[in-house]
Structure formats: C-alpha cells, structure tokens
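These notes are about the structure you will find just below.
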Amino acid sequence: EIICCPMDKADLKYDKKAQTLTCKKCKYVYPIIDGIPDLRPPYMIEADKSK
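This is how it looks when you write it as structure tokens:
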C-alpha cells in the first residue's frame with residue numbers, strides 16, 4: 476500500500492461509492508474531497524472547525 480492511516484500506520488480500505496478511506500485497524504473514516512484524501516488526524520480536523 477502507498478497510503479496508510481497516519482495514526483496507526485494500518486492499511487486503508489477504499490470505498491469508491493462513499494469516497495472514503497477507512498482504517499482497517501482503528502476504523503477511522505477519512506473523506507476524499509475533490510479526489511484528494513484528507514488524511515489529517517481527527518484532532519487536526521476539530522482544530523480547523525473551531526477557527
């Protein structure tokens with residue numbers, strides 16, 4: 476695999492219909508936005524929302 480979960484380095488499962496990548500270990504779901512995976516850890520996404 477080229478892309479892995481940034482939190483635990485596990486493989487990611489691609490869901491073409493939902494446009495997401497899901498970690499096989501921690502089960503966190505990363506969105507794919509305009510064809511680009513958003514692999515920021517959850518705490519970074521929450522920090523952006525609070526701005």
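Be aware that the sequence shown starts at 476, since it is given in our numbering, and climbs by one per residue. Think of the CB as a built atom: it goes at the ideal place given N, C-alpha and C, for glycine as much as any other residue.
With residue i as the anchor, note down where its beta strand (DSSP E) starts and where it stops.
i	result
Ile507	Val504 to Ile508
Cys480	Looking at the DSSP string, Cys480 is not in any beta strand (DSSP E), and its letter there is neither H nor E.
Leu514	Per DSSP, Leu514 belongs to no beta strand (DSSP E) and is neither H nor E.
Lys499	First-last for Lys499: undefined, no H or E at that position.
Lys492	Here Lys492 belongs to no beta strand (DSSP E), and DSSP marks it neither H nor E.
Would residue i and residue j qualify as a contact pair, given that the criterion is a beta-carbon distance under 8 Å?
i	j	result
Thr495	Pro481	no
Ile477	Pro512	no
Asp509	Cys498	no
Leaving aside the five residues before and after residue i along the sequence, list all residues of the same chain whose C-beta is less than 7 Å from its C-beta, in chain order.
i	result
Lys489	Position check: residue 489 holds Tyr in this sequence, whereas Lys was assumed. Closer than 7 Å at the Cβ level, and outside the excluded window around Tyr489, lie Leu496.
Val504	Thr495 and Thr497
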